[in-house]
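Using our numbering, the letters of the sequence shown correspond one by one to residues 1231 to 1327.
For every residue, glycine included, the Cβ atom is placed at its ideal position computed from N, Cα and C.
The structure appears right after this line, and notes come after that.
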Amino acid sequence: LAYATIYALCSRTIRYIVLHKGGEKITLTTCNIWKKNCNIQVPINMVNCTIHRTNVGSIIPLKLKDKRFYYLLEKSGTFLNPELFDHTLRYRQYRNL
């Protein structure tokens, strides 16, 4: 049970977010244990940021359309371009994604 919990948490924790040229797609790189399926490429309109980057808390949950659970992004990490993050993955009111 502990192993399954650790695996689930690691596979949902985001290490990098890469914005592709043109700004239509992003790649989420997760901290997967076996490095299998650790890159997820999705259109930017399929990602919903549920809280703003400057809100209280240490984690930003990201909801992907057609995925069951949230992906987790730690706020303590480095945002190389915070304005670009706010503009592309901006906080939106929760929609049924």
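May I ask you to report which of helix, strand or coil DSSP gives N1262? coil
Could you pull the start and end residues of the beta strand (DSSP E) that E1304 belongs to? 1301–1304
Considering only residues of the same chain and omitting the five flanking positions on each side of I1270, which have a CB-CB separation below 6 Å? L1258
Which residue marks the beginning of the beta strand (DSSP E) containing L1294, and which one marks its end? 1289–1294
Beta-ladder partner(s) of L1310, from DSSP: DSSP output for L1310 lists no bridge partner at all.
Beta-bridge partners of I1256, as assigned by DSSP: L1249, V1272
Whose C-alpha, out of Y1237, T1260, T1280, is nearest the C-alpha of R1245? T1260
In angstroms, rounded to a whole number, what distance separates the CA positions of K1295 and C1279? 11 Å
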